[in-house]
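Residues in the sequence shown are numbered consecutively from 1, following our numbering.
Beta carbons are placed, not taken as given, at the ideal position from N, Cα and C, and that holds for glycine.
As the structure is a prediction and not an experimental result, all values here were calculated from the model.
Here is the structure we will look at, set down as structure tokens.
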Amino acid sequence: MDLFKARLDEKLPQLRAERTSLLKEHGDSQITTVAIEQVLGGMRAVPALLCETSSVSADEGLRIRNIPILDLTTQSPEDIFFLLCTGSLPNDAERAEISAAFAAKAHVPDSIWNVLKALPKDTHPMVMLSIGILAMEKYSAFRSAYEAGASKDDLWKATLEDCITLLGSVTTIAAGIYRIRFDKGEPIAPTAGLDWSANFATMLGVSNNKSWEDLVRLYLVLHSDHEGGNVSAMTSHVVSSALSDVFYSVSAGLNGLAGPLHGLANQECLRFIVDLHEEFGGVPSDEALREYCFKRLAGGQVIPGYGHAVLRVTDPRFTAFYNFAESHDLNDDNVQFMKKLFKIVPEVLTEQGKAKNPWPNVDAASGSLLYYYGMKEFEFYTVMFGVSRAMGICSQILVHRMLGSSIVRPKSMTFAELRSMVK
Ligand code: HAX
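Printed below as a string of structure tokens:
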């Protein structure tokens, strides 16, 4: 990883100087006030975290290192990881280096398979992913470096090594989970010479269609990062701030991704579409679908895949998947449901008037496309998300290690303390 390390080394002085100068010149400047509704409302919009890798605006959505995600849809996941970490896309030599580094870590030790195979048959695939990553912790270079007394300034180097080990092996682990959990046969070994996403697509063993590989590549690019305040990224950051290594930190963040209001929404979306299919026996009329959605809302259930804590427009990642379905002429019932829901749900949520954002997020489209190619086990969909998101989480942790960021320790308040503050 000499080229990758050299690029990061080059960025290091400027990155650290920015932190030092902001602290020195403006350390006590007030940038915001916090309202009681933010304390009680999940700290919504409180600007209290640093994230250099990506940003999300209400009116445009995700930018990775200031490049709109829709301008990155033809890149490889290796390109995206390099961009997240360094701020620039790799040249050919750098791309080849990172691909080779992932491939060198793609072999997963038997001890990990033994742990995963020993779990009860009905274990959720996200539990398996979290355990699989955690079980890899014994290979942490960071832990060894820390125990050997490495200087805080140098810990980022061992963190980079861990990121490569984690990302190189996570595709093999995830594909193996798919095969073990859903009785698809033994895990398929990685193939030498394939890049990261082509290898993942092959190890899943879902489809031989060339465009399946294209979908997996797009999937890994689109879900890679979504700034630092979402549940999974923030959880990983908090855990990592205690100098826990990336295996502990990513595993913890993925447990948050497994929640239905976060990454599990893609599973819930497909479940919703399959239920609709059963209810109507096919794609219903606009009016019947409208009524069904209103009934669901009246029953106190959310419409999965719609709404967002930050976005106030259609998620560009949804647009990218939608465009993929159009350009590849995918047109089964589930894809049609996805398109029809896009037509109906924003109207329904707007009319109901509760959701601040009636538009689709990334989860509204991804599942229908996976299903189209034959991945019908929707309990697995959040694992696909998790594999990709591991890139963003790893890059965020790496940047924080380069900066030597502080342990996270906000102040919690009792109701009595809050009352006394507003008297
Ligand atoms: N269906 C029904 N009601 C919705 C809704 C939806 N899709 N989206 C928001 N609302 C409701 C909220 O439940 C909330 O109701 P209460 O006041 O009764 O609590 C109200 O509208 C206001 O919520 P909000 O401010 O618009 O949204 P939040 O920031 O509180 O929550 C969520 C954002 C994404 C959690 C929310 O929109 C939601 O539950 N959506 C459905 C689940 C989903 O798609 N999650 C994936 C999000 C993307 C992601 O993280 N992927 O990993």
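Within its own chain, the residues whose Cβ lies closer than 7 Å to the Cβ of GLY185, once the five positions on either side in sequence are excluded, are ARG179, listed in chain order.
Boundaries of the alpha helix (DSSP H) harbouring ARG271: 265-280, taken from the DSSP string. Nearest neighbour of ALA364 by Cα position, chosen from LEU15, LEU270, VAL231, turns out to be LEU270. For LEU418, the closest C-alpha among the options TYR219, GLN38, ARG7 is that of GLN38.
Annotation: GLN75 to LEU220 spans about 10 Å, alpha carbon to alpha carbon. 7 Å or more divides the Cβ of SER197 from the Cβ of VAL108.
Under the three-state reduction of DSSP, PRO360 is assigned to strand. For GLY61, the uninterrupted beta strand (DSSP E) run begins and ends at 61-64, by DSSP. In this structure, the beta-carbon distance from GLN396 to THR53 falls below 7 Å. Spanning the alpha carbons of TYR381 and SER366 requires a straight line of approximately 9 Å. Between VAL206 and TYR372, the C-beta spacing is not below 7 Å.
Spatial neighbours of LEU49 in its own chain (CB-CB distance under 6 Å, excluding positions within 5 residues in sequence) are listed in chain order as GLY228, GLY229. For the options HIS328, GLY176, ARG63, the alpha carbon positioned closest to that of VAL115 is the one of GLY176.
Its Cα nearest to that of GLU147, the residue LEU243 stands out among LEU243, MET234, LEU398. Contact between the stretch 399-407 and the stretch 345-361 is not established, with fewer than three Cβ pairs separated by less than 8 Å. Remark: three or more beta-carbon pairs, one from each stretch, lie closer than 8 Å, so the stretch 268-282 and the stretch 299-307 are flagged as touching. Judged by their CB atoms, PHE385 and HIS223 are nearer to each other than the 7 Å cut-off. Here GLY253 really is in contact with ILE393; their C-beta atoms are around 5 Å apart, less than 8 Å. Within the model, the alpha-carbon separation for ASN255 versus VAL362 is close to 19 Å. Residue environment for PHE4: buried (at least 16 other C-beta atoms within 10 angstroms of its C-beta). Contact between the stretch 311-319 and the stretch 54-65 is present: 3 or more CB-CB pairs across the two stretches fall below 8 Å. Excluding its 5 nearest sequence neighbours in each direction, LEU194 has no C-beta neighbour in its own chain below 6 Å. With a cutoff of 7 Å on beta-carbon distance, PHE378 and ILE273 are scored as not near each other. For PRO125, the Cβ stays outside the 6 Å cut-off from all heavy atoms of the ligand HAX.
The shortest CA-to-CA distance from LEU369 to any of ASP333, ALA390, PRO346, VAL383 is the one to ASP333. Closest in alpha carbon position to ILE133, among ALA390, ILE407, LYS376, is ALA390.
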